[in-house]
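Notes follow once the structure below has been shown.
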Amino acid sequence: MKITASCNTSIIQLLHELGLCPEAVIVTIDGELAPETATAKKGQEIRIIHYKHVPPLLSAQEPQGPWKKAKYEKKCAECELPPSVYLPHPKLHLCEKHFSLRFEKQIKHSIRDYNMIESGQKIGLGVSGGKDSFALLHALSRIRNSLPFELIAITIDEGIPGYRDEALERAEKTCKKLGIPQHKYSFKKEYGITISQIAKKGVTNLCSYCGVLRRKLLNKKARELKLDKVAIGHNLDDVAQTAMLNLIRNEPMRFARFNEPLVESSEFVKRIRPLLAIREKEVASYAYLHGYRFNSGCCCPHSSNAMRWGVRHQINFLEDRYPGTKQKMSASFSTLQKIVREKVAKENLEIKECRECGEPSSTDLCMACRMLNDL
Ligand SMILES: [Zn+2]
Ligand SMILES: [Zn+2]
C-alpha cells in the first residue's frame, strides 16, 4: 500500500487508523525502512508492506499499550545515524548497521547456546526464495567470517507455477551473489508429481502434503550430500505459532518432538533453527535492508491453513500490546517440552525402514508414501 503524506503523518497513528498491527507490517518512507515511531513529512511517500498476506487485525483505534508512549528518536541507540528500526521489546531505535549487527549477534548466541554449528561442519540451508531463508543465508554467510563452516544451499521446487518461478530465480541469484553452492531438486523428478497436480486431485490438506514431502526430500538429500546439519529459516513467530497450534489441536507427541527428534538416528540429519529467537518482523526488516523485495506472489496460492492464520493474528495482537510475549511463550513451551520429552522417552520408540521407499520412519510405511498412495 502506497500513501503520499498530505501533511506530517505519524506512522504509528496511521497504522492504527488503518487497523493494522505494527507486528504484521514493515514501513518505508521514500524507500528507506522506517521505524513505526517515525513521522513522514508532507509529500513523502509511505509504503506499508505486509511481509505475509494477512487481513487487518485491529479495528481503527488509538495506539495502545507501549505505542502510546513510543517516541521517535532522531539517533540510533549506538551511533549518530537516524534509526531504521524500532524494537519495542528492549525499546531500541537502531540504524541499519547496528540493527544488522544485533541481528547477527542474536543468531550467533542461538548457535552457541544450542550448539547448532561447530567449526568445520558442513551445513545445508533450505533456501526457498522467501524472506526467512534469504535473511538466514545472508546472516550465515557473514557469520562464517568468525565461525568457519561450509555452507550449502538446498532448493526444492514443489511445482507451483507462478508463485515458485520467481522465488526460485531469486534464490539462485542470491546464492550466486554470495558465492554459496546451490543444489536443486524437484517434486516432479523425485516423486513424479507436483504440488499443483496433487491440488488438482482435490486434496484439502495440501500444506501437510507439501510439508511432509519437503521434509522427506530435504532429509534424503542432506544425507546424500553428507551434511552435518540442515538449517531452516523458522523464526520466533513460527515457534510460538507451532507450539500454540499443538496445544490447541491436542497433539502432545508433535509438541514433544518439535525442534528435536525423540529418537536419535543417523538416518535423520539434524535440523537447526538459527532464527528461533528472532521475531518475524525483525527477519523481514533484515531481509529488506539486505535487498529482499516483497511482491504480490510472496504467499503460496494453495496456502489455506486457516487455524495458523488465526493463531498468528492472536499472537501478533498480544505482542503488539505486550512486547516480549512471543519470547516468553517460546521459553514456556521449551520448559514444558522438556517435561513431556522425559515422560515420552520412557516409552519404546524405534526407527524403522519404510517398506516402500526405505527411508527412516516410525511406522512400517512412512508418512510421505502413505500420502502419495492415498492420491
Ligand atoms: Zn547505529
Ligand atoms: Zn516411504
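So the sequence shown is numbered by the working numbering: it starts at 9 and just counts up by one.
Note that the Cβ used here is the ideal one computed from N, Cα and C, for glycine as well.
Since the structure is predicted, the reported quantities are computational estimates derived from the model, not experimental observations.
Under the criterion of a Cβ to heavy atom distance below 8 Å, does ALA376 qualify as lining ligand 2? yes
Measuring alpha carbon to alpha carbon, tell me which residue in VAL238, CYS377 and LEU155 is nearest GLY200. CYS377
Per the DSSP calculation, PRO156 is bridged to which residue(s)? According to DSSP, which records beta bridges pairwise, PRO156 is partnered with nothing at all.
So SER342 and GLY241 are supposed to be a Cβ contact under 8 Å. How far apart are they, rounded? 19 Å between Cβ atoms; not a contact.
How would the residue list near ligand 1 read, in chain order, if you kept each one whose beta-carbon is closer than 7 Å to any heavy atom? CYS84, GLU86, CYS87, LEU89, LEU102, CYS103, LYS105 and HIS106
Nearer than 8 Å: is that true of the beta carbon of GLY366 relative to any heavy atom of ligand 2? yes
Rounded straight-line distance, which links the Cα of LYS50 to that of ALA239: 44 Å
For PRO71, does the three-state DSSP call read helix, strand or coil? coil
Comparing the CB of SER141 with every heavy atom of ligand 2, is any distance shorter than 8 Å? no
So LEU133 and LEU144 are supposed to be a Cβ contact under 8 Å. How far apart are they, rounded? 6 Å
By the 10 Å Cβ neighbour count, where 16 or more other Cβ atoms means buried, how is HIS117 classified, buried or exposed? exposed
When you measure from the CB of CYS215 to every non-hydrogen atom of ligand 2, does any distance come out below 8 Å? no
Contact set for PHE111: own chain, Cβ-Cβ below 6 Å, skip 5 residues either direction: TYR294
What is the C-beta distance between LEU414 and SER149, in whole angstroms, given that I count them as a contact (C-beta under 8 Å)? One cannot answer for residue 414 here, as it falls past the ends of the chain, which runs 9 to 383.
So does SER370 have its beta carbon nearer than 8 Å to some heavy atom of ligand 2? no
Within its chain, find whatever has a CB closer than 6 Å to the CB of HIS146; leave out the 5 residues flanking it on each side and keep chain order. HIS298
Can we say the region 320 to 336 touches the region 92 to 99, given the rule of at least three CB pairs closer than 8 Å? yes
Starting from LYS224, follow the alpha helix (DSSP H) in both directions and report where the run begins and ends. 214 to 232
In the DSSP assignment, what residue or residues form a beta bridge with TYR368? A quick correction: the sequence has Pro, not Tyr, at residue 368. DSSP, once it has assigned bridges, lists GLU361 as partnering PRO368.
Please list the terminal residues of the continuous alpha helix (DSSP H) segment that includes SER293. 288 to 297
Any heavy atom of ligand 2 within a distance shorter than 8 Å of the CB on CYS218? no
Report buried or exposed for MET252, applying the criterion of at least 16 other Cβ atoms within 10 angstroms of its Cβ. buried
Looking only at its chain, what residues have a beta carbon closer than 8 Å to the beta carbon of ARG231, apart from the 5 residues adjacent to it on each side? GLU275 and VAL277
Can you tell me which of the three DSSP states VAL35 falls into? strand
Assuming THR202 contacts GLY167 under a Cβ cut-off of 8 Å, what Cβ separation, rounded to an integer in Å, is found between them? 2 Å
For the beta strand (DSSP E) containing GLN190, list its first residue and its last residue. 190 to 194
Inter-residue Cα distance where the pair is ARG223 and GLN69: 42 Å
If you reduce the DSSP assignment to three classes, tell me which class THR163 lands in. strand
So the beta strand (DSSP E) HIS58 belongs to, where does it begin and stop? 53 to 58
Taking C-beta to C-beta, are ILE131 and LEU235 nearer than 9 Å? yes
Going by DSSP, what residue range makes up the alpha helix (DSSP H) through HIS321? 314 to 329
Hey, ILE54 and ILE37: beta-carbon distance below 9 Å or not? yes
Determine, using beta-carbon pairs with one atom in the region 256 to 264 and one in the region 208 to 219, whether at least three such pairs fall under 8 Å. no
Please check the pair VAL93 and PRO30, which I expect to be a contact at CB under 8 Å, by giving their CB distance rounded to whole angstroms. Between PRO30 and VAL93 the Cβ distance is about 12 Å, and since that is not below 8 Å, they are no contact.
When DSSP labels each residue in this structure, what does VAL277 get in the three-state scheme? coil
With a threshold of 8 Å (Cβ to nearest heavy atom), would CYS362 be considered close to ligand 2? yes
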